[in-house]
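Novice:
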Amino acid sequence: MKSILKWLFIIGGIFLVLIIAAVIIIPKFVDVKKYKPIIEQKVADATGRSFTLGDDMDVSVFPWVGVKLTDLQLGNPVGYNEKSMVSVKNFEVRLKVMPLLSKRVEVKTFVLDGPVIYLEKLKNGKANWQGIGAKQEKKAVAEKKIEKPSSEKGLPIAALQVDKFSITNGQMIYVDQATNVKKQISDLNLNLENISLENPVGISFAAMIDGKPVSLKGTAGPIGKEPGKGTMAIDVVVKALEELEITLKGNIIDPLASQAFDLELTIASFSPRKLLAALDQKFPVQTKDPKALDALSLKTRLKGNPASVSLSEGQIQLDDSKLIFSASAKEFLKPNLKFDLKLDEIDLDRYLPEPPAKQETTQTAGTTPSKKTDYGPLRKLVLDGKVKVGKLKAHGAIVENIDIHVLADKGIITIDPLGLNLYQGSVASKLVLNVQKNDPQTKVTMDAKGIQAGPLMKDALQKELIDGTLNTNIGLSMTGDTADMIKQTLTGQGELLFTDGAIIGIDLAGMVRNITAKLGVGEQVKEKPRTDFAELKIPFTAKNGLINTDGTSMMSPLLRVMATGDVNLVKELLDLRVEPKFVATLKGQGDSKQRSGLMVPVLITGAFTSPKIRPDLAGIDLKGMIEGKGLPSTEGLKKVLDTKVDSKEKIESGKEDVTKQIKGLLPGFTK
Numbered sequence: 265m266k267s268i269l270k271w272l273f274i275i276g277g278i279f280l281v282l283i284i285a286a287v288i289i290i291p292k293f294v295d296v297k298k299y300k301p302i303i304e305q306k307v308a309d310a311t312g313r314s315f316t317l318g319d320d321m322d323v324s325v326f327p328w329v330g331v332k333l334t335d336l337q338l339g340n341p342v343g344y345n346e347k348s349m350v351s352v353k354n355f356e357v358r359l360k361v362m363p364l365l366s367k368r369v370e371v372k373t374f375v376l377d378g379p380v381i382y383l384e385k386l387k388n389g390k391a392n393w394q395g396i397g398a399k400q401e402k403k404a405v406a407e408k409k410i411e412k413p414s415s416e417k418g419l420p421i422a423a424l425q426v427d428k429f430s431i432t433n434g435q436m437i438y439v440d441q442a443t444n445v446k447k448q449i450s451d452l453n454l455n456l457e458n459i460s461l462e463n464p465v466g467i468s469f470a471a472m473i474d475g476k477p478v479s480l481k482g483t484a485g486p487i488g489k490e491p492g493k494g495t496m497a498i499d500v501v502v503k504a505l506e507e508l509e510i511t512l513k514g515n516i517i518d519p520l521a522s523q524a525f526d527l528e529l530t531i532a533s534f535s536p537r538k539l540l541a542a543l544d545q546k547f548p549v550q551t552k553d554p555k556a557l558d559a560l561s562l563k564t565r566l567k568g569n570p571a572s573v574s575l576s577e578g579q580i581q582l583d584d585s586k587l588i589f590s591a592s593a594k595e596f597l598k599p600n601l602k603f604d605l606k607l608d609e610i611d612l613d614r615y616l617p618e619p620p621a622k623q624e625t626t627q628t629a630g631t632t633p634s635k636k637t638d639y640g641p642l643r644k645l646v647l648d649g650k651v652k653v654g655k656l657k658a659h660g661a662i663v664e665n666i667d668i669h670v671l672a673d674k675g676i677i678t679i680d681p682l683g684l685n686l687y688q689g690s691v692a693s694k695l696v697l698n699v700q701k702n703d704p705q706t707k708v709t710m711d712a713k714g715i716q717a718g719p720l721m722k723d724a725l726q727k728e729l730i731d732g733t734l735n736t737n738i739g740l741s742m743t744g745d746t747a748d749m750i751k752q753t754l755t756g757q758g759e760l761l762f763t764d765g766a767i768i769g770i771d772l773a774g775m776v777r778n779i780t781a782k783l784g785v786g787e788q789v790k791e792k793p794r795t796d797f798a799e800l801k802i803p804f805t806a807k808n809g810l811i812n813t814d815g816t817s818m819m820s821p822l823l824r825v826m827a828t829g830d831v832n833l834v835k836e837l838l839d840l841r842v843e844p845k846f847v848a849t850l851k852g853q854g855d856s857k858q859r860s861g862l863m864v865p866v867l868i869t870g871a872f873t874s875p876k877i878r879p880d881l882a883g884i885d886l887k888g889m890i891e892g893k894g895l896p897s898t899e900g901l902k903k904v905l906d907t908k909v910d911s912k913e914k915i916e917s918g919k920e921d922v923t924k925q926i927k928g929l930l931p932g933f934t935k
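Sequential numbering from 265 applies to the sequence shown in my numbering.
1) Which class does threonine 443 belong to by DSSP, given the choice of helix, strand or coil?
2) Short check: CB of isoleucine 516 to CB of methionine 496, under 9 Å?
3) What residue from Phe603, Phe525, Val357, Gln337 has the CA that sits closest to valine 323's CA?
4) Counting pairs of beta carbons, one from the region 647 to 655 and one from the region 601 to 609, are three or more of them closer than 8 Å?
5) Note down, in chain order, each residue of its chain lying with its Cβ closer than 6 Å to the Cβ of valine 842, except the 5 sequence neighbours on either side.
6) Nearest to serine 351 by alpha carbon, out of Leu597, Leu317, Pro420, Ser561?
7) Starting from proline 875 and walking both ways along the beta strand (DSSP E), at which residues does that stretch end?
8) Three-state secondary structure (DSSP) at glutamate 759?
9) Compute the Euclidean distance between the alpha carbons of lysine 552 and aspartate 611, then round it to the nearest angstrom.
10) Would you please state the rounded distance, in angstroms, between the beta carbons of glycine 765 and alanine 717? I believe it to be under 8 Å.
11) Using CA coordinates, which residue listed in Gln448, His669, Asn458, Phe596 is at the minimum distance from valine 573?
12) Alpha carbons only, please: which of Gln752, Lys332, Ile396, Asn392 is nearest the one belonging to glycine 809?
13) Just to confirm before moving on: does the CB-CB distance between phenylalanine 315 and glycine 339 stay below 9 Å?
14) Are the beta-carbon atoms belonging to leucine 656 and glutamate 609 less than 9 Å from one another?
15) Rounded to whole angstroms, how far is the Cβ of asparagine 569 from the Cβ of serine 535, which I believe are closer than 8 Å?
16) Assess, as a yes-or-no matter, whether the region 537 to 551 is touched by the region 573 to 591 under the definition of 3 or more beta carbon pairs within less than 8 Å.
17) When you compare only the Cα positions, how much space is there between leucine 616 and glutamine 550?
18) To the nearest angstrom, how far is it from the Cα of leucine 671 to the Cα of methionine 710?
19) Taking the alpha-carbon positions, what's the serine 450 to threonine 432 distance?
20) Less than 8 Å between C-beta atoms, sequence neighbours within five positions excluded: which residues of the same chain meet that for glutamate 728?
21) May I have the straight-line CA-CA distance separating phenylalanine 525 from asparagine 388, to the nearest angstrom?
22) Taking the alpha-carbon positions, what's the aspartate 839 to leucine 697 distance?
23) Which same chain residues, not among the five before or five after threonine 678, have their C-beta less than 6 Å away from its C-beta?
24) Residues in the same chain with beta-carbon distance under 7 Å from leucine 980, minus the five sequence neighbours each way, listed in chain order, please.
25) Do you know how far the Cα of glycine 683 is from the Cα of phenylalanine 804?
26) Within its chain, find whatever has a CB closer than 7 Å to the CB of asparagine 392; leave out the 5 residues flanking it on each side and keep chain order.
27) State yes or no: is the C-beta of glutamine 705 within less than 9 Å of the C-beta of threonine 746?
28) Among the residues of its own chain, which have a CB less than 6 Å from the CB of lysine 563, if the five just before and after it don't count?
29) Is the Cβ of valine 323 closer than 9 Å to any Cβ of chain C?
30) If we count the other Cβ atoms within 10 Å of its Cβ and call it buried at 16 or more, is aspartate 731 buried or exposed?
31) Using the Cβ count rule (16 or more neighbours within 10 Å means buried), how would you classify leucine 800?
32) Quick check on threonine 907: does DSSP put it in helix, strand or coil?
33) Measure the alpha-carbon distance for aspartate 796 versus serine 741 and round it to whole angstroms.
34) Please classify glycine 362: is it buried, with 16 or more other beta-carbons within 10 angstroms of its beta-carbon, or exposed?
35) Can you tell me the Cα-Cα spacing of leucine 480 and leucine 508, whole angstroms?
36) So, with DSSP's three-state summary, where would you put threonine 311?
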């Protein structure tokens, strides 16, 4: 028995030596090139394209199974500019034989040198990458897709080790004849290090995209013995154009099942202006400040899966502004969104373009009906968003402590609060938008207190129109989403109250002073015109676009002004009556009983674009004026006008001249 085993081992050893010898010797004597036409034909049949190999071919069997090929060419169909769609200068792969017996794959070398992929699309839309493969194989592939792969099975190998995996000097060219577009990736180099199932794989990638450098460096993995299961770590840095650097670090969890991820994204500070310049692209906006949009960075944590995604610990730095943010989304078909934004400060004027030069606009007859807005997406939207801004400047106006909370559910969007501080005052507002029906319904309330109107107007409009402290309370509702519908349905009420201020540009007292200077009572003044007031109150009610302003009043040292009437937003017409009362004494703003003077009511009527302003002759007591009853006394004029000239005779003479002028203008009115 022992002798039999002995001879069996001897015979087995002899066969093993013969096999090894054959593996070593056969490649030396076998002409591999005679199989070249067979290989070329097999590839051509499989792809439906011509395929050729270079004459320099090498095959080894032991201790490494290796293949080395040169000048591989996969042809293009007829009609394309390049002869080959894919070409490879050199291809080499070598792996150990003996480890294969124990399902261990050990690759010494996998090198693809000088690959060129040429993609071309003709003017008729046909592309050279279409139609690759034999018809019968396409059908087989389609049938295979129906089969569900078993996720329970792992890899058919026990271990994997690749010493060298590289793609060097690669190129990819894309040409679109229809649009005259050409894109090129050149100098492409990819190296993978320490490829195995148990350890992270080192990645080093570099290329030139249209002459611009792009690189990626980092690690990914390990892949594990069951790829697609478990957690795979990644840590990569992408650099582009010597301007942009993006870091992505974290884990991809169970890619085939839960498909979850937990990643930290960091974009180092870069200049968007320089980045676009490096891309030979014109900057899309012309900002008022040429240094705006010169520094941008981002850092955030991304977590998600197919059902939800979230951003947390977010931070964006834009020039001098810092935004802290978090956001989440789920139920993507609705969607269900949530966000929280906190901005320290921003000057929007830096980012706005210069205002265009004023141009004459020509109005065309008729209006083009606008397409009806589809509010379906808003009806499904679920939203909970918060925005806080420490300081914001826009169009010259400065707003502070902005606090906004917006909610949306079942077609009702609510902004409450909408609060802010501006110019020593505060604004508290609430807005409700209901889009459950085809025509949206809007309700808005606003309560403003202590706003300094003068500085606000000066900063926002670069004009001085009115000064004083503004308090307002407004409640309005409207239906529709076009200007006409809003005007037709505008309903509500409110009040604007200005105190201790002035109307800039009109000087009623100065007008009287200049008139009386001609009478010899005072001197003409040439100061900046303004009419001071103790109180300017503008209450209003609105119903279906008709605004009533009854109760409007202004109290000043010289005048008491009352205004009544309507403003028709639908027809864009004015129908107002302004009744000023000249005050003869200065005993206080509440001196309503002891004032006397000239009443000249004014009618303001007509269209918004061309209003007519004229005296209300029917409301003037002309007979009393002619008899001197309506003119203020000499002492009254002197007190009101603060004149230094004491000339009773000139005043009386002036009054007589005025009376004569009125009689001349209205002959036959008095006898």
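Positions of the beta carbon are idealized from the N, C-alpha and C atoms, including for glycine.
Specialist: Concretely, from the data shown:
1) coil
2) yes
3) Val357
4) yes
5) Ala827, Val866
6) Leu317
7) 875 to 879
8) strand
9) 11 Å
10) 7 Å
11) Phe596
12) Gln752
13) yes
14) yes
15) At roughly 35 Å, the Cβ-Cβ gap does not stay under 8 Å, so asparagine 569 and serine 535 are not in contact.
16) no
17) 8 Å
18) 18 Å
19) 10 Å
20) Gly718, Met721, Lys722, Ile768, Gly769
21) 42 Å
22) 32 Å
23) Leu671, Val696
24) For the chain, the structure presents residues 265 to 935; residue 980 sits outside this window and is missing.
25) 23 Å
26) Asn340, Pro341, Tyr344, Met349, Leu383, Glu384
27) no
28) Thr530, Gln579
29) In the structure shown, chain C cannot be found, because there is only a single protein chain.
30) buried
31) buried
32) For threonine 907, the predicted model reports a pLDDT of 44, less than 50, meaning its position is unreliable; a value from the coordinates is still stated below. Note: threonine 907 maps to coil in three-state DSSP.
33) 34 Å
34) Here the sequence assigns methionine to residue 362, which means glycine is not the residue at that position. It is exposed - the Cβ of methionine 362 has fewer than 16 other Cβ atoms within 10 Å.
35) 12 Å
36) helix
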